[in-house]
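Report on the structure given below.
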Amino acid sequence: MESSMNVAVIGAGAMGSGIAQVAAQAGHSVLLMDARPGAAQRAVDAIRETLNKLAEKGRLTPTEAAEAGARLQAVGAVTELAGPGLVIEAIVEDLSAKRELFTRLESVVDPDCVLATNTSSLSVTAIAGACAHPERVIGLHFFNPAPLMPLVEVVPGLATAPGLAERCGLWMGRWSKVPVVCKDTPGFIVNRVARPFYGEALRILEEGLADMATIDHAMRTVGGFRMGPFELMDLIGNDVNFAVTRSVFEAFFFDPRYRPSLTQQRQVESGRLGRKTGRGYYDHTGTTTPPIPKNDPELLDMVFLRILVMLINEAADALYLGIADRAALELAMTKGVNYPKGLLGWADEIGLDRCLSMLQGLQTEYGEDRYRPSPLLRRLVREGRTFHG
Numbered sequence: 481m482e483s484s485m486n487v488a489v490i491g492a493g494a495m496g497s498g499i500a501q502v503a504a505q506a507g508h509s510v511l512l513m514d515a516r517p518g519a520a521q522r523a524v525d526a527i528r529e530t531l532n533k534l535a536e537k538g539r540l541t542p543t544e545a546a547e548a549g550a551r552l553q554a555v556g557a558v559t560e561l562a563g564p565g566l567v568i569e570a571i572v573e574d575l576s577a578k579r580e581l582f583t584r585l586e587s588v589v590d591p592d593c594v595l596a597t598n599t600s601s602l603s604v605t606a607i608a609g610a611c612a613h614p615e616r617v618i619g620l621h622f623f624n625p626a627p628l629m630p631l632v633e634v635v636p637g638l639a640t641a642p643g644l645a646e647r648c649g650l651w652m653g654r655w656s657k658v659p660v661v662c663k664d665t666p667g668f669i670v671n672r673v674a675r676p677f678y679g680e681a682l683r684i685l686e687e688g689l690a691d692m693a694t695i696d697h698a699m700r701t702v703g704g705f706r707m708g709p710f711e712l713m714d715l716i717g718n719d720v721n722f723a724v725t726r727s728v729f730e731a732f733f734f735d736p737r738y739r740p741s742l743t744q745q746r747q748v749e750s751g752r753l754g755r756k757t758g759r760g761y762y763d764h765t766g767t768t769t770p771p772i773p774k775n776d777p778e779l780l781d782m783v784f785l786r787i788l789v790m791l792i793n794e795a796a797d798a799l800y801l802g803i804a805d806r807a808a809l810e811l812a813m814t815k816g817v818n819y820p821k822g823l824l825g826w827a828d829e830i831g832l833d834r835c836l837s838m839l840q841g842l843q844t845e846y847g848e849d850r851y852r853p854s855p856l857l858r859r860l861v862r863e864g865r866t867f868h869g
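Just remember that the numbering used here sits 480 ahead of the position in the sequence shown, which is counted from 1.
Written as structure tokens, this is what we have:
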């Protein structure tokens, strides 16, 4: 995509603003649209301020910051989006709202304009189903904050034109992003594979096997993760995390592997959403003493391995079902959510037979399909193979 081609971003929230900044820094003239009066202009002003701060820190030259800022323009209506070659939607995560928007866009944009959705959990095929030309609709799922996180999941829908995913992958590469192509299934790669990071941690807490501080401590110190699951849920927002979990659970026809947690639901109902409200699993007001984790090595190892094997099992199933290839799965988890290692390579390191044995033990103990091992994991162990050979 030539840098002279205009790009439009719809939705001036955190995600939309971040995507607009990325496109402007990549050399494109960017129209940022939001239906809320004044929201788009406020977002443009904020992006320009961010660019100036990057210049002050030496991450951009003053000229680069000024030129990128000048390429941004705020608009307030869909009717002003006639010229772009690519439109990226980043509005509320609601299927009806997205379908309605894409229907309106089709009456405005040029026939060869690509329509992309930044949805994180909705079906790209369902969004495109409202369009007269669904072949030009694709998913481009950026991660927050978009200017910093390198991964973009490129998600063709059932009717997406052949070759469009490859084209979009090339475009994202020119935006200094790491694109991975995946099937249009609930949660795509990251939001599907990462569910046990939260779900199994909540299950361990609910069973009283370990408190949240100890679980977080285990994942940081034993596993090498940058944040523990409860710390990360407080950062993301318990309302957002719970909504994604519930969406994936329902989209998979209530598969117990993705069942939401009552503990998290109560957090949401009580308004304890995390950092943004000052209280979540932890107190973020600074008025209380942080909980002290237990330093029992056996407990920490048990917590870490139980969550890890559930993550590995999910990655194995995604590979088995052809959601993405091995390289894409590894890239998605390391570049999209900063996992210390790719899950399939990690499984090879600790031993597939060990992973399978732990999952079978959990399934026997609880009698739940939640812990069913992936058929691919079973097959590889039976054949004495690994994920990488």
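Ideal Cβ placement from N, Cα and C applies to all residues, glycine included.
Here the structure is a predicted model, which is why all the values come from computation and not from measurement.
Original post:
What do you get for V572, buried or exposed, if any count of 16 or more other CB atoms within 10 angstroms of its CB means buried?
Top reply: It counts as exposed.
Original post:
Are the beta-carbon atoms of L650 and T743 separated by less than 7 Å?
Top reply: no
**OP:** Please classify S854: is it buried, with 16 or more other beta-carbons within 10 angstroms of its beta-carbon, or exposed?
**Re:** So S854 ends up on the buried side.
**OP:** Rank L753, I669 and L715 by C-alpha distance to the C-alpha of V728 and give the top, closest one.
**Re:** I669
Subject >> Best match in V558, R516 and L566 for proximity to A504 [C-alpha to C-alpha] >> reply: L566
**OP:** In angstroms with no decimal places, state the Cα-to-Cα distance between T814 and M629.
**Re:** 11 Å
Original post:
Between the Cα of K657 and the Cα atoms of Y678, P642, P676 and L631, which residue gives the shortest distance?
Top reply: Among Y678, P642, P676 and L631, the Cα nearest to that of K657 belongs to L631.
**OP:** Determine which residues share a DSSP beta bridge with G871 and list them.
**Re:** There is no way to answer for residue 871, as the model of the chain reaches only from 481 to 869.
Original post:
Is the beta carbon of V661 sitting closer than 7 Å to the one on V702?
Top reply: no
Subject >> Span of the alpha helix (DSSP H) around M838 >> reply: L832 to Y846
Subject >> Three-state secondary structure (DSSP) of I568 >> reply: strand
**OP:** Counting only the same chain and skipping the five closest in sequence on each side, list residues whose C-beta sits under 6 Å from that of D735.
**Re:** none
Subject >> Sufficient close CB pairs (3 or more, under 8 Å) joining the stretch 587-600 to the stretch 526-541 >> reply: no
**OP:** Count the C-beta pairs between the stretch 749-759 and the stretch 665-680 that are closer than 8 Å, then say yes if the count reaches three, no if not.
**Re:** no
**OP:** Quick one: residues in its chain with C-beta nearer than 7 Å to the C-beta of N718, no 5 flanking neighbours on either side, listed in chain order?
**Re:** Excluding residues up to 5 positions away in sequence, Q744, Q747, V748, R752, L753, G754 and G760 lie with their Cβ nearer than 7 Å to the Cβ of N718 in the same chain.
Original post:
Leaving out five residues before and five after T866 in sequence, what residues of the same chain have Cβ atoms less than 7 Å from its Cβ?
Top reply: D828, L832 and L860
**OP:** Label A484 either buried or exposed according to how many other C-beta atoms from any shown protein chain fall within 10 Å of its C-beta, with 16 as the threshold for buried.
**Re:** First, the amino acid is wrong: residue 484 is Ser here, not Ala. That one is exposed.
Subject >> DSSP three-state assignment for D435, whether helix, strand or coil >> reply: In this structure the chain extends from 481 to 869, so residue 435 is not present and cannot be described.
**OP:** For I490, write down the residues that DSSP places opposite it in a beta bridge.
**Re:** M513 and E569
Original post:
From the DSSP output, which residues share a beta bridge with D763?
Top reply: R759
Subject >> Identity of the residue in F582, A570 and E580 nearest S601 by Cα >> reply: A570
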